[in-house]
Amino acid sequence: MTDLTDLPLTSTHWGTYRARVSNGRVQELYGFEQDKDPSPIGPGVIDVQDGPTRIAAPMIRKSWLDHGPGAATENRGAEPFVEVSWEEAERLVGDELNRVRHAFGNNAIYAGSYGWSSAGRFHHAQSHLRRFLNCIGGFTSSVFTYSFAAAEAMVPHILGSYRAYLDTCTSWDSIIENTGLFVAFGGVPLKNGQIAQGGTGHHIQRENVIAAKEAGIEFVNISPLRSDVLESVNGEWLAARPNTDAALLIGIAHTLYSEGLHDEAFLERYTHGFEKFVPYLTGQSDGVAKTADWAAKICEVPADTIRDLARRMAAKRTMISVSWSLTRQDHGEQAFWAAITVACMLGQIGLPGGGFGFGYSAVNNIGGRSPRLPGAALPQGTNQVKDIIPVARISDLLLKPGETFE
């Protein structure tokens, strides 16, 4: 049998694998020998090579193909698609692009192709699409991501940047060595940590969570799902009502403030605006004190549990982790803002193993020790169109043509 290390390597968003290829087709994928926790997702590539949902050629909705743009729109999603040749597809798309840009302008062309697709940089679909459309005058583009758009919009106003603190968050090495309490809003879901945009040669999340537990770190999993923290770490599970993380954090903040557990020196030296937050927290501004009892009625976590957690967070070196999923809720930016506020009140930001982190195990590389290096990119040219939409507003773009959005 061939030594696996003699087989070629391939990288996917789920990791790196050794590929056994026969007659130009992948027959088997084996986890990379240097990956201690390879994802089982990768070998699924073999099953989809001839899967019934794979699109092997260009296809066009039948009414559109027969009668042109705008035909029988009521049949969208219901009628069949017809396979055409690449030559015909190129002609039809080219004609339609010319029709739209000449009739309505280039801002009537939207360059989507959002998604990870191939892990290869050259094979990045959106890069090719936007490069091409820039060559014919540009397009309406999107900003932010589906992953954490609310944080991308809000956090720069709080910290000055979002991506900088996402990409350089406290490493697992520092957490293992220094942290006493790891409070995970949204958990540390290892199922998510299987992936890494562009691929990875080493899945790190499981081994680091286990190492943190072995180092004596206490885990608190605040999530509707107990499984969002590895069962073997025996963490405390607080099943807060979904979309109430901000209320729980504010209840923690009230306990810290009312019991004098906040770090006034840190707040004075390193933050701005705490004096505006206090009247809201205490109820001076609206008559509603945001106590642990107030929070308990909203998040369905007992008030005594909230107070106890706040005291433990003040007594130990604490890492507050907020999952990306928290931003994909109603007013999703509020949980991140509240988590940063509590971290400031604890005064542990900048101390080894303390402060906050955005999305441990949301993807594999969060908390890793590898430096983030710039990746190769295909030059895009210049987009002459300045119109943008938030990426998640594509449905509104299609359903409400000509209308405005905030």
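Under my numbering, residue 1300 is the last one in the sequence shown; the count climbs by one each step, no gaps.
Ideal Cβ placement from N, Cα and C applies to all residues, glycine included.
A quick note: this is a predicted structure, and the numbers were derived from the prediction, not measured.
Sequence-distant residues of its chain with Cβ nearer than 6 angstroms to isoleucine 1070 (five each side left out): Ala1105, Ala1106 and Ala1109
Mind checking which residues open and close the beta strand (DSSP E) that includes glutamine 921? 919-925
Any contact between the region 1184-1202 and the region 1134-1145? By contact I mean 3 or more CB pairs, one from each, below 8 angstroms. yes
Candidates His907, Gln921 and Trp908: closest to leucine 901 by CA position: Gln921
Since I believe phenylalanine 1252 is in contact with tyrosine 1059 (beta carbons under 8 angstroms), could you give me their beta-carbon distance rounded to a whole number of angstroms? 7 angstroms
How many angstroms separate the CA atom of phenylalanine 1033 from the CA atom of glutamate 1046? 22 angstroms
Glycine 1030, DSSP secondary structure in three states: The sequence as given places isoleucine at residue 1030; glycine does not occur at that position. Coil, per DSSP.
Check proline 1173 in the structure and name its three-state DSSP category. helix
Short check: CB of glycine 1241 to CB of phenylalanine 1160, under 8 angstroms? yes
Could you tell me the distance, in whole angstroms, from the CA atom of glutamate 981 to the CA atom of alanine 950? 15 angstroms
So, for serine 1012: in the same chain, excluding its five sequence neighbours on each side, which residues have a beta-carbon less than 8 angstroms away from its beta-carbon? His1018 and Ala1019
Among Ser905, Glu927 and Asn917, whose alpha-carbon lies nearest the alpha-carbon of aspartate 897? Glu927
Rounding to the nearest angstrom, what Cα-Cα distance links proline 937 and glycine 971 in this structure? 31 angstroms
When DSSP builds the beta bridges, which residues end up paired with tyrosine 911? Thr904 and Gly925
To the nearest angstrom, how far is it from the Cα of glycine 999 to the Cα of tryptophan 958? 22 angstroms
Would you please state the rounded distance, in angstroms, between the beta carbons of leucine 1075 and threonine 1212? I believe it to be under 8 angstroms. 5 angstroms
What is the rounded straight-line gap between the Cα of alanine 965 and the Cα of leucine 1084? 46 angstroms
Assign isoleucine 1104 to one of three DSSP states: helix, strand, or coil. helix
Hey, quick one: how far does the beta strand (DSSP E) through proline 1284 stretch, first residue to last? 1282-1284
Contact between the region 1129-1141 and the region 1189-1206 (3+ Cβ pairs under 8 angstroms): yes
In the region 1247-1287, which residue ranges form an unbroken beta strand (DSSP E) of at least 3 residues, counting only runs that do not cross its ends? 1249-1252 and 1282-1284
Residue ranges of each beta strand (DSSP E) run of no fewer than 3 residues wholly in the region 1187-1216, ordered along the chain? 1212-1216
So, does the region 1077-1093 touch the region 1036-1056, judging by three or more C-beta pairs under 8 angstroms? no
Please name the residue in Val1103, Leu1220, Ser1035 and Pro946 whose C-alpha comes closest to that of threonine 1276. Ser1035
From Val987, Gly925 and Leu923, pick the residue whose C-alpha is nearest to that of isoleucine 954; which is it? Val987
Quick one, are the C-beta atoms of glutamine 1178 and serine 1021 less than 8 angstroms apart? no
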